[in-house]
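Following: one structure in structure tokens, then a few remarks.
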Amino acid sequence: MEIVVASSVGVLTAGGIYLMLRLRAFPVILGLALLSYAVNVFLFSSGRLAIDMPPILNKYGEASYTDPLPQALVLTAIVISFGMTAVLVMVALGSYIDCEDDRVDMPGGLDGDTGKDDGQ
Amino acid sequence: MSDGASLLPIIAILPFLGALVPGLMIRAGRTACATFTAIPTILALTMLIVLAPSVMRGEVLQAEIAWLPQLGLSAAFFLDGLGLLFAGMILGVGLLITLYARFYLSGEDPMGQFYTYLLLFQGAMLGIVLSDNILLLLIFWELTSLSSFLLIGYWKHLPEGRQGARMALAVTGGGGLAMIGGMLILGHIVGSYNLTDILTQGEAIRASEWYLPALILILLGAFTKSAQFPFHFWLPHAMAAPTPVSAYLHSATMVKAGVFLMARMWPALAGTEAWFYIVTTTGLITMVLGALIALFKDDLKALLAFSTVSHLGLLTMLLGMGTKLAAVVAVFHIINHLTFKAALFMTAGIIDHETHTRDIKRLGGLRHLMPVTFVIGTVGALSMAGIPLFNGFLSKEMMLEEAAHTVWAGSVWAVPVLATLGALLSVAYSLRFIAHVFLGPVRDDYPAKPHDPPFGMWAAPALLVAMVVVIGVLPAAVVGPLVAVAGGAVIGGGEMPYYSLKIWHGVTPALYMSGIAVAGGLLLLALHRVLDRIWLAVPRPEAKVIFDALVSWVAALSRRITESAHNGAVSRYLAILTVATVALGYVAWRGSGLSAPTRAPLPVPPVVAVGWVLLIVATISVVTMHRSRFRALVLIGVIGLMISAGFVYLSAPDLALTQISVETVTIMLLLLALHFLPKTTPRESGAGLRLRDAAIAVAAGGAVAGLAYAFMLRDTSSISDYHLANSYEGGGGTNVVNVILVDFRGYDTYGEIIVLGIAGLIIFALVETLLTGPAARRLRNADLSRNISRDRHPLMMVVATRVMMPIAVMVGVYIFLRGHNQPGGGFVAGLVISIALLMQYMASGFAWTQARKRIEYHAMIGWGVVIAGLTGAAAWLAGAPFLTSAFGYIHLPPIEEFELASAMAFDLGVFLTVLGAVMLMLFSLSRLARHAGESVNIEPMDYDPSKRVETAEGGDR
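And the structure:
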């Protein structure tokens, strides 16, 4: 089972990073989405894997439970990463509408700013 | 801490508090502004005088306010003889400068600003001399660099002022950076950052192998500040400042800070060969070079500036000699130099103010036109030359006496000869100041008609030259005790060397050297015309040109580095970041290796294998087909579903619920965005580039997979047992994940919902800006008709979503209520309800749904955060810390016993914020669509069967 989760995390990371290195905003956003899946599953797996042991306390007897803490952390991480994806989408959309271009790299580098010194 | 010592922090803070006042008081007039600037200075001076008697008795006052004792950081102040001398100089001269500047500054100069800068600078200087903690001292040290930058560049319209200020900041600030390193080493050697501790550990410091690096770094700081060769060049350029600034910075304060530091550190650092050769040699070179250049400067202030450089060299040389007597002489000369140099700077300012020029070649004969100024200037200059009856003579004699006994690298002649040469040049330029400005015939070509200034302007220099004479005649009575106590502080206690402050010491080597100096000085003055011509004809390196070239070279270099590393290509940064991270991980792995696994792997049932295959295929397909954006989105949905299923299987029901609902919302969001974006991604990178990216991606993925696999097979200790044990008893819930969210780590959750709320508001604000900017026009003209279905609001979907709405809301409420004990809670409930609402937007149209909306989404975010916050704050009423929860069980007859917990109110806040934020995000996106010309439907469906006859004519509305 561990190999299944680990390989999934690996494939998701690889796919995410490949897309993140593309030159247009949309694949970069897709890449980040894949990467956040990978990160969330990775964090979740840091609590070790357990089957049929949900962290819901059994009032009527002893039972063993999986680690609840990574789950709580990942739960908020999922929601926050949605918020961040939304902001990113909006920024990408805004820049596309503004410039009619969704390239992520600045064309021609940073040569706009030559910062002439005063009086010299 | 004694009662008196508690005044020390107040003295240190007063100028900073006072700095707030002038800016306000300038509205009340210039005199009021100057008066209110003087008040904090006078207050601080009064307190200092209150403390003075006990310091003069030899006590050391200490006051400490602990801040971060673990790091050795505290606001610690102490006052001993040296501190008293410098604090008195800083405040006393500060007061005189305040008075002088009131008359010097013209009506166009922003006086409030000037006094604010002045007080800031005064506070920084005061902090240096009162600090007991060297880290605190460093902060004040850098503050003097910053505030002197403001003062030197005060006349912003003058390019020389700006350049001079920048040069001063670069040189002194750079030296300050070096000093930070030195001080940290020093603190490391001693094990304490307290100056009083460091000063007692001189032996250990000098024996340490780190002594030399610390010494060099600290001296770099002191030499740059005190304008020692080869860093002397900034000081003359700082003369572009208004004269009150020059008089303050370059006689009593800024440049003396370096000398102060050397004197302060004298017990800890002095006495070694390294100290002697570095400090004495630098001082000697600076003294002679400064005096030589001063002789040939035609600008009055430049002459005084180089003279200051020369006298600072003299002080440095004295401190470098390492004998106790030399250190005491240095203290005495500090006092004398202050009095005559401040007076001379003010004189130069008066001459500039009245004649509108500082060029010596355009002056002369002023003794008849400005008699008062003549007297002041002459007394000051004679003292600077070291003529008997003036105080400069006394300390110069003592310096020459010391120099006569100093052996430099086996040579008995080197130091005495060079010291005499320095004194000789000093006589020459001092007498030139008198002869070429005041003596000679009255001219008729002054730029303005000279006359003496008002009393307020000459009062301050007159007081100073009065002191010059009084000290010169009665040294032992006037400053004897102060020299003794300050000198004692410099040499770090112990026996005072024998010395006597008097005019006539008998026929000593120093007297001969003085005689040679005066005679030679007169000769040089007589030959000045000839020498000046030779000086001008000989080529000399110009420091400013070298400095500017160096600065532009460094600037070009850093620009080249920045542009090659930071060229605007985001994908490149990300590639570098990824490769670097993988490399670091590899290094860490190679470094420590892995222990043996402690857990047995779990089996893989066939159904999981199927899910895994789906996930992998979907991921690979997203990557290979990402150019077709719509298809990639659908595949992303598959991945999300598989991950949710994985969470279900691996005992994480809460995560599964959250993942699946977030998945839905994310896909909707991306679909809405894709509406405006191109539907395909062009192929831009070549095969090589794609291969490179694939290699990076595979390396990173493999590394992460290996890490995750290694991690999962090993046990580590965790704090989760605590949560499992206390969830029910402490938090009142059986769903441990939810109890952690709303109770154990409620503060985290509180922060996270605020972040989510902010994200929603950011999106709203972005859309608002887009719709009011030039992009709005482009949006209106965009042709998006291709993307719009002709049957926009299909009957089936409208009916289905309407029917589902109450059910979905009920599911949401149910998930919310059970959250504390069963999988669910505020996050999931908020997402479920927002999906229910979004379905209405999608099926029945934006306007139709919007018309039925009662609550603003902004308000919902606000209320959510407020409710969560108030729930947390309610714990205060019970005397418990923020977000402590309470719970109880209630039994109402018709229904089962149920629980009421304060955590539920908190969860309600979470629910409202999540709902508000998600809705605000998608609502903002759909506003764009409205703007892009999407029409509004009045009926829930575009096509209403019951009105078929009526609408047949009108068609699509």
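First to last, the protein sequences are chains A and B.
Note that the UniProt record's numbering has the first sequence beginning at 1, numbered continuously upward.
Note that the UniProt record's numbering has the second sequence beginning at 1, numbered continuously upward.
The beta-carbon is built from N, C-alpha and C at its ideal position, and this holds for glycine as well.
These numbers were taken from a predicted model, which means no experiment stands behind them.
Neighbouring residues, chain A, relative to residue i (Cβ below 7 Å)
{"i": "residue 693 of chain B", "result": "18, 21"}
{"i": "residue 723 of chain B", "result": "68, 69"}
{"i": "residue 728 of chain B", "result": "57"}
{"i": "residue 763 of chain B", "result": "86, 87, 90"}
{"i": "residue 735 of chain B", "result": "56"}
Partner residues on chain B for residue i, Cβ-Cβ distance less than 8 Å
{"i": "residue 60 of chain A", "result": "Result: empty, since nearest Cβ-Cβ is about 11 Å, beyond 8 Å."}
Supposed contact pair residue j and residue i - C-beta distance, whole angstroms, cut 8 Å
{"i": "residue 49 of chain A", "j": "residue 594 of chain B", "result": "At roughly 19 Å, the Cβ-Cβ gap does not stay under 8 Å, so residue 49 of chain A and residue 594 of chain B are not in contact."}
{"i": "residue 260 of chain B", "j": "residue 322 of chain B", "result": "In fact, because the Cβ distance is near 18 Å, the residues do not count as touching under 8 Å."}
{"i": "residue 300 of chain B", "j": "residue 351 of chain B", "result": "6 Å"}
{"i": "residue 151 of chain B", "j": "residue 126 of chain B", "result": "With a Cβ gap of about 15 Å, residue 151 of chain B and residue 126 of chain B do not count as contacting."}
{"i": "residue 651 of chain B", "j": "residue 53 of chain A", "result": "5 Å"}
{"i": "residue 402 of chain B", "j": "residue 325 of chain B", "result": "6 Å"}
{"i": "residue 727 of chain B", "j": "residue 57 of chain A", "result": "6 Å"}
{"i": "residue 464 of chain B", "j": "residue 85 of chain B", "result": "Rounded, the Cβ-Cβ distance is 16 Å, inconsistent with contact."}
{"i": "residue 920 of chain B", "j": "residue 763 of chain B", "result": "7 Å"}
{"i": "residue 169 of chain B", "j": "residue 456 of chain B", "result": "In fact, because the Cβ distance is near 32 Å, the residues do not count as touching under 8 Å."}
Cutoff 8 Å: residue i Cβ touching any chain B Cβ
{"i": "residue 101 of chain A", "result": "no"}
{"i": "residue 32 of chain A", "result": "no"}
{"i": "residue 72 of chain A", "result": "yes"}
{"i": "residue 50 of chain A", "result": "yes"}
Listed by chain order, chain A residues near residue i by CB distance under 8 Å
{"i": "residue 601 of chain B", "result": "1, 2, 3"}
{"i": "residue 653 of chain B", "result": "54, 56"}
Cutoff 8 Å: residue i Cβ touching any chain A Cβ
{"i": "residue 960 of chain B", "result": "In the structure displayed, chain B extends from 1 to 957; residue 960 of chain B sits before or after that span and is not available."}
{"i": "residue 712 of chain B", "result": "yes"}
{"i": "residue 20 of chain B", "result": "no"}
{"i": "residue 455 of chain B", "result": "no"}
{"i": "residue 677 of chain B", "result": "yes"}
{"i": "residue 649 of chain B", "result": "yes"}
{"i": "residue 38 of chain B", "result": "no"}
{"i": "residue 336 of chain B", "result": "no"}
{"i": "residue 665 of chain B", "result": "yes"}
{"i": "residue 914 of chain B", "result": "yes"}
{"i": "residue 930 of chain B", "result": "no"}
Chain B residues whose Cβ lies nearer than 7 Å to that of residue i
{"i": "residue 63 of chain A", "result": "None at all; the shortest Cβ gap to chain B is about 10 Å."}
DSSP beta-bridge partners of residue i
{"i": "residue 194 of chain B", "result": "B:133"}
{"i": "residue 808 of chain B", "result": "For residue 808 of chain B, which the question treats as bridged, DSSP gives no partner whatsoever."}
{"i": "residue 408 of chain B", "result": "B:411"}
{"i": "residue 628 of chain B", "result": "B:680"}
{"i": "residue 887 of chain B", "result": "B:901"}
{"i": "residue 65 of chain B", "result": "B:75"}
{"i": "residue 434 of chain B", "result": "DSSP, once it has assigned bridges, lists no residue as partnering residue 434 of chain B."}
{"i": "residue 735 of chain B", "result": "A:56"}
{"i": "residue 715 of chain B", "result": "For residue 715 of chain B, which the question treats as bridged, DSSP gives no partner whatsoever."}
Straight-line Cα distance separating residue j from residue i
{"i": "residue 800 of chain B", "j": "residue 699 of chain B", "result": "48 Å"}
{"i": "residue 387 of chain B", "j": "residue 519 of chain B", "result": "12 Å"}
{"i": "residue 695 of chain B", "j": "residue 99 of chain A", "result": "32 Å"}
{"i": "residue 141 of chain B", "j": "residue 373 of chain B", "result": "35 Å"}
{"i": "residue 692 of chain B", "j": "residue 702 of chain B", "result": "15 Å"}
{"i": "residue 859 of chain B", "j": "residue 721 of chain B", "result": "39 Å"}
{"i": "residue 227 of chain B", "j": "residue 572 of chain B", "result": "45 Å"}
{"i": "residue 105 of chain A", "j": "residue 97 of chain A", "result": "16 Å"}
{"i": "residue 755 of chain B", "j": "residue 101 of chain B", "result": "52 Å"}
{"i": "residue 539 of chain B", "j": "residue 532 of chain B", "result": "13 Å"}
{"i": "residue 109 of chain B", "j": "residue 347 of chain B", "result": "20 Å"}
{"i": "residue 615 of chain B", "j": "residue 909 of chain B", "result": "35 Å"}
{"i": "residue 969 of chain B", "j": "residue 406 of chain B", "result": "There is no way to answer for residue 969 of chain B, as the model of chain B reaches only from 1 to 957."}
{"i": "residue 231 of chain B", "j": "residue 419 of chain B", "result": "20 Å"}
{"i": "residue 619 of chain B", "j": "residue 888 of chain B", "result": "48 Å"}
{"i": "residue 983 of chain B", "j": "residue 40 of chain B", "result": "A question about residue 983 of chain B goes unanswered here, because the residues of chain B that appear run from 1 up to 957."}
Chain-ordered neighbours of residue i on chain A, where CB pairs are closer than 9 Å
{"i": "residue 823 of chain B", "result": "54, 56"}
{"i": "residue 959 of chain B", "result": "Since the first and last residues shown for chain B are 1 and 957, residue 959 of chain B lies out of range."}
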